[in-house]
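Chemist:
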Amino acid sequence: DAGITQSPRHKVTETGTPVTLRCHQTENHRYMYWYRQDPGHGLRLIHYSYGVKDTDKGEVSDGYSVSRSKTEDFLLTLESATSSQTSVYFCASTGTQNTEAFFGQGTRLTVV
Amino acid sequence: TQLLEQSPQFLSIQEGENLTVYCNSSSVFSSLQWYRQEPGEGPVLLVTVVTGGEVKKLKRLTFQFGDARKDSSLHITAAQPGDTGLYLCAETTSGTYKYIFGTGTRLKVLA
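So the sequence lines, in the order shown, correspond to chains Y and W.
Read in order, the letters of the first sequence are residues 1439 to 1550 in my numbering.
Read in order, the letters of the second sequence are residues 511 to 621 in my numbering.
#1: Just tell me which of Y/T1455, Y/S1499, Y/N1536, Y/L1459 has its CA closest to the CA of Y/Q1444.
#2: To which residues does DSSP link Y/I1484 through a beta bridge?
#3: When the distance is taken between beta carbons, is W/D577 closer than 7 Å to W/G563?
#4: For a test of the three-state rule: what should DSSP assign to W/S582, helix, strand or coil?
#5: Please classify W/L568 as buried or exposed, where buried requires at least 16 neighbouring CB atoms within 10 angstroms.
#6: Using a beta-carbon distance below 7 Å, is Y/V1486 in contact with chain W?
#7: Which residue comes first and which comes last in the beta strand (DSSP E) that contains W/E515?
#8: Might you give, ordered along the chain, the residues of its own chain that have their beta carbon closer than 6 Å to the beta carbon of Y/R1546, omitting 5 neighbours on each side?
#9: To which residues of the same chain is Y/N1466 closer than 7 Å at the C-beta, ignoring the five residues directly before and after it?
#10: Can you tell me which of the three DSSP states Y/Q1543 falls into?
#11: Determine contact between the segment 529 to 536 of chain W and the segment 1473 to 1492 of chain Y, defined as no fewer than three beta-carbon pairs at a distance below 8 Å.
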């Protein structure tokens, strides 16, 4: 299994506060992704990265920003958390062959 | 934006029954993958299909890619409780390296 870890695994935060989720991979994968998972929606892409400092928006990027200063780390920031951002967040990565997306175990975020 | 619709959304069956789940797209897939996700875990790849009409088998699971590469199906023979999970199809958009996932089919197999 690819070494991809997310932190924290669970977080409860208040509306209006900033939150940063971290994804760390040890596979030297070039591509990394952040998804959110909500009932009935499968996985929806928030942002993705195709290299250090190279990122692009996904389908549900409003209210989120990302940064990738090193190959192994991809950070997702909710600048001002809202209740609609309560969700389970998954990070994934893949190498240049792009044959499979490897996922972390997810972060359950609750915004109260 | 590529839209992947999966059906049914939920499926609850008895052990030993057969089932088929579907993934349909609004446009042609470049390639298609099926993942399974168990509770509390991230999705794990089951198979990749690339060629229109392609059929792949993985033990009791049979995956088919439509001739026109706009749809795919997953058939499970003699389902077992261990097959319980969320089944997701995904497309990798050619040239962008984005993985776009479908809406998912949540399967529960009762013993």
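Built from N, CA and C at the ideal position, the CB exists for glycine as well.
Modeler: According to the structure shown:
#1: Here the question's residue 1444 of chain Y lines up with position 6 in the first sequence. Closest by alpha carbon: Y/L1459.
#2: One-based indexing of the first sequence puts residue 1484 of chain Y at position 46. Beta-bridge analysis with DSSP links Y/I1484 to no other residue.
#3: Looking up residue 563 of chain W in the second sequence gives position 53. Looking up residue 577 of chain W in the second sequence gives position 67. Yes, Cβ-Cβ distance for W/G563 and W/D577 is below 7 Å.
#4: As a first step, residue 582 of chain W is located in the second sequence; it is residue number 72 there, counting from the start. Strand.
#5: Here residue 568 of chain W refers to the residue found at position 58 when the second sequence is read from its first residue. That one is exposed.
#6: Residue mapping note: residue 1486 of chain Y aligns to position 48 of the first sequence, counting from 1. Note on residue identity: the sequence assigns Tyr, not Val, to residue 1486 of chain Y. Under the Cβ distance rule, Y/Y1486 counts among the residues neighbouring chain W, one pair being separated by less than 7 Å.
#7: By one-based count along the second sequence, residue 515 of chain W stands at place 5. Per DSSP, W/E515 belongs to the beta strand (DSSP E) from 514 to 517.
#8: Indexing the first sequence from 1 puts residue 1546 of chain Y at position 108. Within the same chain, H1448, V1526 come within 6 Å of Y/R1546 by CB-CB distance, once the 5 residues on both sides are set aside.
#9: Here the question's residue 1466 of chain Y lines up with position 28 in the first sequence. Excluding positions up to five away in sequence, the list reads T1509.
#10: Here residue 1543 of chain Y refers to the residue found at position 105 of the first sequence. Under the three-state reduction of DSSP output, Y/Q1543 falls in the coil class, being neither helix nor strand.
#11: They do not touch, by the three-pair rule.
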